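K.L.:
Below are the structure tokens for one structure; questions will follow.
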Amino acid sequence: MLKLSLLPLDCELPRACPLLVLTPPPDSVPMAMGMENWTVRRGKFALLLALCSVFMLLILSFPDIRLLVPRLFRPLPPSADPAPNLACGAVADQTITPLAHTKHLLVSAFADRREGKFDVRIIGMFRRDSVQPLRCVFCCSNRTLAAGQSASKTPARVLTHSDHFGFPYGATDVLCRIPGGCLATHVTLVPEGHGPDATALNRTFLPIRNQGGGGAASLPQLNLTVCISNLFGDYNNVLQFTQTLEMYRLLGVNRVVIYNTSSGPDLSRLLHSYSQEGFVEVVPWPIGRHLTPSRGWQPTLFPGDIHYYGQLTTLNECSYRYMERSRYVLLNDIDEIITPYRHGDLVAALTSLQQQHPKAGVFLIENHIFPKIHFEPSGRFHRRQWEGVPGVNILEHIYREEPNRAVHHPYKIIVQPRTHAGERHLHSDWLAVIYFDASGHLHRRQNTTYVLKFSATKLFSRYQHVGR
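Mapping of the sequence shown onto this note's numbering: residues 6 to 473, in sequence order.
Following this line, the structure appears as structure tokens:
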């Protein structure tokens, strides 16, 4: 039986002294206290469960909210499994792999039989003054073979790209021939004289990609892929980056590949979002761990080991990475947009050009300059909701600078990666080239930004439509 008691008015602890309390008889105190504690605990548990349910419902209903959640509460990315070991050695688990007993760096390997007597192409960055004869070592059905063990002894063929701009390191291709009877899955290189003995178990092998047997008759999955050279210096130009990606989406691009050395925090979150969507592939490019990269193309002004953070190597690697998957590959910078003015998108323009020039495998697009210092006067492209976004609003700069025909104009390249000659790399002689004027080409040079001219109004309305 409970007794009803009123507390005295002179209670010294008001927060601990309610005006009304139910007092159980002495023999019922333990049971009552237990019931009270259980009720409190059950209430707290129910409240915690309700809060967790609401939080999970928000996460599932609004995926973008994950970008706003502190890092502590974000789902951690799956931890990378350690590189598997083959019977013949370890497998590379990084984008850039030092080559033992040399000053060279390896990036990736691809099946490439367009050269006739060779089967595999290795992409790398070599020290030009210390290129020595090399041999290809293959991992075949869990056994190690060297190219020299086949009936015809064939050393590796080293092709250093001519466009090294005078830097010590340059983009390099190495061609290998698979020995007879070898079902090769991985490959590495050794200097001549270092045979494939027991020490080969300490070497790092590259997986050989593009072995799906995709020949000229197989259809690529993508029509057009854009390969963007390196992001570095904590690049955080979010607004221009987003506008560029969305413009490429409108122009029919299926995939954008980014080689990322370092990006700012805002851009990193944006890249993560686009990667989850599948529109962007981010390839880590930690070149600073191995070399001192230059920030330019003139060694006297921008000293370093290799031109522009290894730009030529990344673009070369990207063209082979998407050789079997994409019909066309555009090699470009993030501050540039290629846009046609006679067709609705780039795929339609390339299809038309290919019909006119069926033997062409490469198209060159002439640069046009849109200075950043000139603004569109009406302000129709200035959006208040973008003012807090870091970066340049490219839609505000729509006036093209008249080209000076007395000087050389650089070009950007769109290539059919499966048909262009394998040894003809970036900026070198190509088999079949068509020049056409894409007057909406964006580019930035020092203090200037080159911005879309002809499609700016169309982009503005559609940009709003896609909700970016």
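All C-beta atoms in this analysis are idealised placements derived from N, C-alpha and C, irrespective of residue type, glycine included. Model, not experiment: these values are computed from the prediction.
I need the straight-line Cα distance from A365 to E406, nearest angstrom please.
P.N.:
Whole-angstrom Cα-Cα distance: 30 Å.
K.L.:
Alpha carbon to alpha carbon, how far is L211 from S113? Give it in angstroms, no decimals.
P.N.:
Those two C-alpha atoms are separated by around 6 Å.
K.L.:
From L306 to F246, what does the alpha carbon distance come to, in whole angstroms?
P.N.:
C-alpha separation (whole angstroms): 27 Å.
K.L.:
Rounded to whole angstroms, what is the Cα-Cα separation between D1 and V258?
P.N.:
The requested residue 1 does not occur in the structure, where the chain is confined to residues 6 to 473.
K.L.:
Quick one: what does DSSP say N321 is sitting in, helix, strand or coil?
P.N.:
Helix at N321.
K.L.:
At 4 residues or longer, what runs of the alpha helix (DSSP H) sit wholly inside the segment 348 to 377?
P.N.:
Complete alpha helix (DSSP H) runs here, min 4: 351 to 361.
K.L.:
Can the beta-carbon of F170 be found closer than 7 Å to that of H312?
P.N.:
It is a contact, given that the beta carbons lie within the stated cut-off.
K.L.:
Buried or exposed: where does I127 fall if 16 or more other Cβ atoms within 10 Å of its Cβ makes it buried?
P.N.:
Label assigned to I127: buried.
K.L.:
Taking just the CA atoms, how far does G198 sit from V285?
P.N.:
Their Cα atoms are separated by approximately 43 Å.
K.L.:
Would you call N409 buried or exposed, if buried means 16 or more other Cβ atoms sit within 10 Å of its Cβ?
P.N.:
With fewer than 16 Cβ atoms within 10 Å of its Cβ, N409 is classed as exposed.
K.L.:
Who are the near neighbours of G396 in its chain, counting only those whose CB is closer than 7 Å to its CB and skipping five residues on each side?
P.N.:
Closer than 7 Å at Cβ, skipping near neighbours: N242, V243, L244, Q245, F246.
K.L.:
Over what stretch of residues does the beta strand (DSSP E) that includes Y174 continue unbroken?
P.N.:
Residues 174 to 181.
K.L.:
Please go through the same chain and pick out, in chain order, the residues whose beta-carbon is closer than 7 Å to the beta-carbon of V261, but skip the five residues on each side of it.
P.N.:
So the qualifying residues of the chain are V231, I233, L250, Y253, F284, V285.
K.L.:
Quick test of the definition: if touching needs 3 or more C-beta pairs under 8 Å, does the segment 415 to 425 touch the segment 382 to 392?
P.N.:
The answer is no - the segment 382 to 392 does not touch the segment 415 to 425, with fewer than three Cβ pairs under 8 Å.
K.L.:
Could you check where the beta strand (DSSP E) with V262 kicks off and where it finishes?
P.N.:
Element bounds for V262: 260 to 265.
K.L.:
With distance defined between alpha-carbon atoms, name the residue in Y314, G269, E120, R182 nearest to V394.
P.N.:
Nearest C-alpha to V394: G269.
K.L.:
What residue from F143, G309, M328, Y333 has the CA that sits closest to A95's CA?
P.N.:
Checked all of F143, G309, M328, Y333; the closest Cα to A95 is F143.
K.L.:
For T100, tell me which candidate among T209, C93, C181 has the shortest Cα-Cα distance.
P.N.:
The shortest Cα separation from T100 among T209, C93, C181 belongs to T209.
K.L.:
Secondary structure at F246, three-state DSSP: helix, strand or coil?
P.N.:
In the structure shown, F246 sits in a helix (DSSP, three-state: H, G or I).
K.L.:
Counting only the same chain and skipping the five closest in sequence on each side, list residues whose C-beta sits under 7 Å from that of P289.
P.N.:
Only T100, N265 meet the Cβ criterion.
K.L.:
Under 8 Å Cβ to Cβ from H379, same chain only, skipping five residues before and after it: list those, please.
P.N.:
Cβ neighbours of H379 beyond the five flanking positions: H402, Y404.
K.L.:
Pick helix, strand or coil for M130, following the three-state DSSP scheme.
P.N.:
If DSSP states are grouped into helix, strand and coil, M130 belongs with the strands.
K.L.:
Can you tell me whether DSSP reads E329 as helix, strand or coil?
P.N.:
Coil, per DSSP.
K.L.:
What's the call for Y240, buried or exposed, on a 16-neighbour Cβ count within 10 Å?
P.N.:
The residue in question, Y240, is buried, as its Cβ has 16 or more Cβ neighbours within 10 Å.
K.L.:
So what's P80 in DSSP terms, helix, strand or just coil?
P.N.:
Residue placement at P80 is flagged as unreliable, the pLDDT there being 35, under the threshold of 50; the coordinate-derived value follows with that caveat. Of the three classes helix, strand and coil, the one that applies to P80 here is coil, per DSSP.
K.L.:
With DSSP as the reference, label I311 as helix, strand or coil.
P.N.:
Residue state, collapsed to three classes: strand.
K.L.:
Between M130 and G301, how many whole angstroms is the CB-CB distance? I'm expecting something under 8 Å.
P.N.:
Wrong, their Cβ atoms sit about 17 Å apart, outside the cutoff.
K.L.:
If you draw a straight line from the C-alpha of L229 to the C-alpha of I370, how long is it?
P.N.:
Approximately 15 Å between the Cα atoms of the pair.
K.L.:
Buried or exposed for L55, please, with buried defined as at least 16 other CB atoms from any protein chain shown within 10 angstroms of its CB.
P.N.:
The sequence given here places Ala at residue 55; Leu does not occur at that position. The residue is exposed, with fewer than 16 neighbouring Cβ atoms inside 10 Å.
K.L.:
Going by Cα to Cα distance, which pick from N398, H362, E329, L111 is closest to P225?
P.N.:
Among N398, H362, E329, L111, the Cα nearest to that of P225 is on E329.
K.L.:
Exposed or buried, which one is L236 when buried takes at least 16 other CB atoms within 10 Å?
P.N.:
It is buried - the Cβ of L236 has at least 16 other Cβ atoms within 10 Å.
K.L.:
Quick one: grab the DSSP three-state call for G293.
P.N.:
Helix.
K.L.:
Please tell me whether A354 and P363 are closer than 7 Å, where the distance is taken between their beta carbons.
P.N.:
No; because the gap between Cβ atoms is not below 7 Å, this pair is not in contact.
K.L.:
How long is the line joining the alpha carbons of F172 and Q390, rounded to whole angstroms?
P.N.:
Answer to the nearest angstrom: the Cα atoms are 44 Å apart.
K.L.:
Relative to the C-alpha of Q216, which residue among N321, D338, R118 is closest?
P.N.:
Among N321, D338, R118, the Cα nearest to that of Q216 belongs to R118.
K.L.:
In chain order, what residues of the same chain have a beta carbon less than 7 Å from the beta carbon of L317, not counting five sequence neighbours either side?
P.N.:
Counting only Cβ-Cβ distances below 7 Å, and skipping sequence neighbours, we find H166, D168, A176, L431.
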